[in-house]
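Take a look at the structure below.
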Amino acid sequence: MEHRVLLVREWDQQMSGSGCCGRLGGVNHELGEESTYAHNRSEMERMGEVYRALKAELFDEDVEFAVVDPRNAIWLVPNILRDAVRRGLPAREILRSVRDGVSQGAIIVDGRVLFSGRIPKPEEAVAAVRSELGVA
Amino acid sequence: MPAIVVALAVFVAFFLGYRYYSKYLAERVYALDKDFVTPAREFEDGVDYVPTNKHILFGHHFTSVAGAAPIVGPAIAVFWGWLPALLWVTLGTIFASGAHDFGSIVVSARHRAQNMGTLTQSIINPRSRTLFLVIIFFLLTLVNAVFSIVIGTLFINNPGAVIPSAAVIPIAIVLGQVFYRLRMGIVVPTTIALVLLYAMIPVGQAFPVTVDPIANALGTDPLVVWVLLIFTYIWFAARLPVWVLLQPRDYINSYQLFVALGVIFLGVAVGFNTIEAPAIRTDLPEGSPFWFPFLFITIACGAISGFHSLVSSGTTSKQLANETDARYIGYMGSLGEGSLALASILACTAGLGAAAVWQENYADFATASAGGVGYFVEGVSTFVGNLGIPAGIGAIFISVVIITFAGTSLDTSVRLQRYVIQEIGQIIRVRLLARNLTLAATLAVLISIGLTLFPGGEVGEFAFGRLWRLFGTTNQLTAGLALTVIALWVFMRGRNPLAPIVPLVFLLTMTTWALFIQLGEFWQDDRLLFVIDAIIFVLALWLIVEAIAAFNRVRRQRRGEQAPAEER
């Protein structure tokens with residue numbers, strides 16, 4: 013793929029470093045866990061709208077889409093760095109990308125952070141990503 | 002024997018296991034199909050079902066399955082010498098855990114990403130769903146009991162760890178506000194949080210906290226006081242929304258996991274510490290449990306853990322982009338967990354100094370069980386010392402890592418336990434229990450406190466080694482249930498199911514054998530654990546009956562399908 017778009021948001025029950033002995037795996041609706049992760053669900057669904065809109069609008073472009081949990085820093089940080097360096101962004105902007113990219117609701121296109129901290133509306137995200145990729 | 006040589010040998014074995022055995026599983030047993038449309042692709046919605054790059058998904062999966070349990074089991078099990086523990090961790094990881102974790106993802110992906118509870122119902126039979134819930138109930142209760150003792154013991158052994166461990170709570174709460182309310186980035190605040198946390202280590206060292214005065218005033222053991230304090234904290238913590246404390250603490254944990262793994266293996270590589278413990282212990286004290294079968298339930302996580310099947314089937318399978326990725330994600334996740342167990346074995350056999358110290362620490366099984374986690378901390382502080390970090394600081398550092406992992410396990414486990422209790426309330430039609438979350442949480446905590454404090458004869462005698470073995474048996478039974486599901490699915494597809502059946506038969510044999518021996522042991526002096534052991538023993542027999550019946554059913558079905566074909 014020529015381009016990569018990263019959408020950063022938490023998975024509802026993704027646990028880190030200790031989930032092993034205290035998880036049933038996935039949200040168990042019958043056990044009432046749905047309400048426990050209501051805040052995550054709302055973000056997942058909003059980012060899901062963005063994801064679907066981007067995939068629908070850019071289906072004929074050479075773009076890889078990935079949804080990443082911000083706790084997965086071991087993958088996220090090196091790959092934001094790699095994309096940004098490959099694109100030739102200046103050092104200061106690379107650092108800014110890492111700082112803002114590992115964030116709830118971040119949308120990153122080839123190492124450059126377009127949104128961070130808030131999930132945009134789908135049409136807003138599509139327009140910004142199109143513009144960043146130089147697609148009409 | 003230099004620890005680094007052992008570590009390298011295990012890593013070579015892991016590499017060969019991945020290179021050859023997982024390939025065999027992928028091609029001949031699970032028959033992965035690169036063209037199979039995974040649930041992530043079939044139901045792709047960007048919310049629950051998202052086709053995900055295998056390297057990203059490995060990060061999600063591994064940080065979900067890694068925890069404190071693969072550290073504790075091996076730290077106790079080296080009591081029988083380092084070689085049996087090392088062999089079980091290595092072979093268990095390659096042949097049992099690899100097949101189990103990898104297979105759980107594949108079977109779930111082939112069944113619309115259903116979780117293991119639902120899979121037991123649909124592949125074995127509806128009764129097995131009840132069996133699954135009962136095993137989970139005991140598993141969660143035992144998790145609460147053993148991890149509260151682990152935390153309390155670490156506080157007593159390393160009073161310097163109390164302040165930094167307590168500091169994690171306000172730090173995580175502030176992080177939660179920063180992430181979820183202020184919507185700021187995560188790298189800088191988490192790094193600051195880690196720096197703040199590690200800055201509290203010398204503070205903790207300068208101001209150690211003990212509960213001895215309270216224990217003396219109450220006329221009880223300090224561990225009793227710690228256990229009660231821990232459960233009081235957990236009762237409050239489990240009532241908070243998850244974003245306030247539990248989830249922000251995950252960020253700290255995910256960073257700590259990699260810091261700790263890096264520091265331990267770097268310390269081993271730099272220090273050239275030699276293993277001073279015997280390879281196989283021949284001078285077992287009288288009355289000690291024999292390694293066969295107890296080794297295989299003492300080390301559950303780290304060799305094979307049933308909990309992984311729950312993680313693999315519930316979340317990971319929904320993100321699987323290609324079926325062939327399951328090999329990398331599931332099998333490599335097992336190898337990562339095995340590496341944690343390896344670190345524990347090395348710390349407790351090469352990090353404690355002279356052989357005489359090891360002999361003293363592992364004088365008998367009760368001492369080994371009670372002190373295992375402490376010896377791991379001591380060993381790691383030696384490895385950390387190889388990097389120029391003072392041993393005292395290193396000991397507090399690794400204690401804090403284990404305590405934050407175990408604390409999160411407890412928090413999550415009590416939350417789940419209260420839901421299970423509510424579910425039971427619905428089944429037995431006790432509306433108050435089914436509807437009142439506070440009552441369910443209180444009951445979950447009280448049951449766990451009871452199981453923590455009462456075994457051993459009197460309140461606070463603590464039977465950690467026994468509780469740990471029971472925890473191991475329930476974890477292995479969960480793995481047995483998952484392996485039954487995997488083996489049946491493989492058999493139904495007309496493939497050779499030996500790869501999941503061999504670890505299944507082995508685990509069920511070791512578990513039931515150990516439970517049977519323990520019945521006699523507990524009957525003598527611990528009626529509470531006798532009852533629990535008896536219930537788990539019945540659950541194990543129930544599982545064996547269900548597994549045999551299910552295999553016979555599938556065999557009859559296959560014969561029925563073959564017969565008309567032959568007649569034609």
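Going down the list, the protein sequences come from chains A and B.
Counting with the numbering used here, you get residues 13 to 148 for the letters of the first sequence.
Counting with the numbering used here, you get residues 2 to 569 for the letters of the second sequence.
Just so you know, even glycine gets a beta-carbon here, dropped at the ideal spot from N, CA and C.
Pick from 138/A, 53/A, 112/A and 98/A: whose alpha carbon is nearest that of residue 82/A? Checked all of 138/A, 53/A, 112/A and 98/A; the closest Cα to residue 82/A is 112/A.
I'd like to check one pair, residue 551/B with residue 489/B: are the Cβ atoms closer than 8 Å? With respect to the 8 Å criterion, residue 489/B and residue 551/B are classified as neighbours on the basis of their beta carbons.
Rounded to a whole number of angstroms, what is the C-alpha to C-alpha distance between residue 38/B and residue 31/B? Looking at the backbone, the Cα of residue 38/B and that of residue 31/B are separated by about 15 Å.
Exposed or buried, which one is residue 115/B when buried takes at least 16 other CB atoms within 10 Å? The residue is buried, with at least 16 neighbouring Cβ atoms inside 10 Å.
Backbone secondary structure at residue 127/A - three-state DSSP: Of the three classes helix, strand and coil, the one that applies to residue 127/A here is strand, per DSSP.
Please list, in chain order, all residues of the same chain as residue 124/A whose beta carbon is under 8 Å from its beta carbon, the five residues on each side excluded. For residue 124/A, where only same-chain residues beyond five positions count, the Cβ hits under 8 Å are 96, 99, 101, 105, 109 and 144.
In chain order, what residues of the region 36-67 of chain B put their CB closer than 7 Å to some CB of chain D? Going by chain labels, chain D is absent from the structure shown, which instead holds the protein chains A and B.
Just checking, does the region 113-122 of chain A make contact with the region 287-297 of chain B on the three C-beta pairs under 8 Å criterion? Taking one beta carbon from each stretch, the region 113-122 of chain A and the region 287-297 of chain B have fewer than 3 pairs nearer than 8 Å; the two do not touch.
Using a cut-off of 7 Å between C-beta atoms, extract the partners of residue 111/A located in chain B. Within 7 Å Cβ-Cβ: 186, 188 and 189.
Outcome for residue 510/B when other beta-carbon atoms lying within 10 angstroms are tallied against a minimum of 16: Residue environment analysis places residue 510/B among the exposed positions, since fewer than 16 neighbouring C-beta atoms fall within 10 angstroms of its C-beta.
Report the start-end ranges of each beta strand (DSSP E) in the region 376-449 of chain B that is 3 residues or longer and not cut off at the edges. Whole beta strand (DSSP E) segments, 3+ residues: zero.
Are the C-beta atoms of residue 417/B and some chain A residue less than 8 Å apart? At least one chain A Cβ lies under 8 Å of residue 417/B.
Does any residue of chain A bring its CB to less than 8 Å from the CB of residue 439/B? Cβ-Cβ to chain A under 8 Å: no for residue 439/B.
When we look at the beta-carbon of residue 562/B and count the other beta-carbons within 10 Å, is it buried (16 or more) or exposed? It is exposed - the Cβ of residue 562/B has fewer than 16 other Cβ atoms within 10 Å.
At what residues does the beta strand (DSSP E) containing residue 28/B begin and finish? Here residue 28/B belongs to no beta strand (DSSP E), and DSSP marks it neither H nor E.
Residue 79/B and residue 429/B closer than 8 Å at C-beta: Contact flag unset, no.
Can you name, in chain order, every residue of its own chain whose Cβ lies under 8 Å from the Cβ of residue 555/B, other than the five neighbours on each side? Closer than 8 Å at the Cβ level, and outside the excluded window around residue 555/B, lie 489, 492 and 493.
Residue 87/B: buried (16+ other C-beta within 10 angstroms of its C-beta) or exposed? Buried is the call here.
Count the other CB atoms within 10 Å of the CB of residue 117/B; is the residue buried (16 or more) or exposed (fewer)? Counting every other CB atom within 10 Å of its CB across the protein chains shown gives residue 117/B a total of 16 or more, marking it as buried.
Can you give me the start and stop residues for the beta strand (DSSP E) that residue 77/A sits inside? First-last of the beta strand (DSSP E) with residue 77/A: 75-80.
I'd like to know if residue 70/B contacts chain A, where contact means its C-beta is closer than 8 Å to some C-beta of that chain. At least one CB atom of chain A sits nearer than 8 Å to the CB of residue 70/B.
Residue 70/A, DSSP secondary structure in three states: Here residue 70/A sits in coil by DSSP.
So, for residue 379/B: in the same chain, excluding its five sequence neighbours on each side, which residues have a beta-carbon less than 7 Å away from its beta-carbon? A distance below 7 Å between beta-carbons, with the five flanking residues on each side excluded, links residue 379/B to the following residues of its chain, in chain order: 352, 353 and 396.
Nearest-angstrom Cα separation, counted from residue 23/A out to residue 55/A: Answer to the nearest angstrom: the Cα atoms are 9 Å apart.
Whole angstroms are fine: how far does the CA of residue 235/B sit from the CA of residue 412/B? It is roughly 6 Å from the alpha-carbon of residue 412/B to the alpha-carbon of residue 235/B.
I need the straight-line Cα distance from residue 61/B to residue 331/B, nearest angstrom please. As the crow flies, the alpha-carbon of residue 61/B is around 11 Å from that of residue 331/B.
At 4 residues or longer, and completely inside the region 118-163 of chain B: list those alpha helix (DSSP H) runs for me, N to C. DSSP assignment within the region 118-163 of chain B yields the following whole alpha helix (DSSP H) runs of 4 residues or more, N-terminal first: 128-158.
So with Cβ pairs under 8 Å, would you call residue 141/A a contact of chain B? Contact with chain B is absent for residue 141/A, since none of that chain's Cβ atoms lies less than 8 Å from the residue's Cβ.
Determine whether the Cβ of residue 326/B lies closer than 8 Å to any Cβ atom of chain A. For residue 326/B, the nearest beta carbon of chain A is not closer than 8 Å to its own beta carbon.
Does the beta carbon of residue 234/B come closer than 8 Å to any beta carbon on chain A? No, no contact with chain A.
Which value, in whole angstroms, describes the spacing of the CA atoms of residue 248/B and residue 41/B? Between the alpha carbons of residue 248/B and residue 41/B lies a distance of about 25 Å.
Secondary structure at residue 174/B, three-state DSSP: helix, strand or coil? DSSP places residue 174/B in helix when its eight states are reduced to three.
Comparing the C-beta of residue 81/A with each C-beta of chain B, is any distance below 8 Å? It does; some Cβ of chain B falls within 8 Å.
With a CB to CB cut of under 6 Å and the five nearest residues on each side skipped, what residues in its chain are close to residue 598/B? A question about residue 598/B goes unanswered here, because the residues of chain B that appear run from 2 up to 569.
Along the region 249-277 of chain B, what residues have a CB closer than 7 Å to any CB found in chain A? Only those residues of the region 249-277 of chain B whose C-beta falls short of 7 Å from the nearest C-beta of chain A are listed: 251, 252, 254, 255, 256, 257, 258 and 259.
Residue from 482/B, 558/B and 45/B whose Cα sits closest to the Cα of residue 68/A: Out of 482/B, 558/B and 45/B, 45/B has the C-alpha closest to the C-alpha of residue 68/A.
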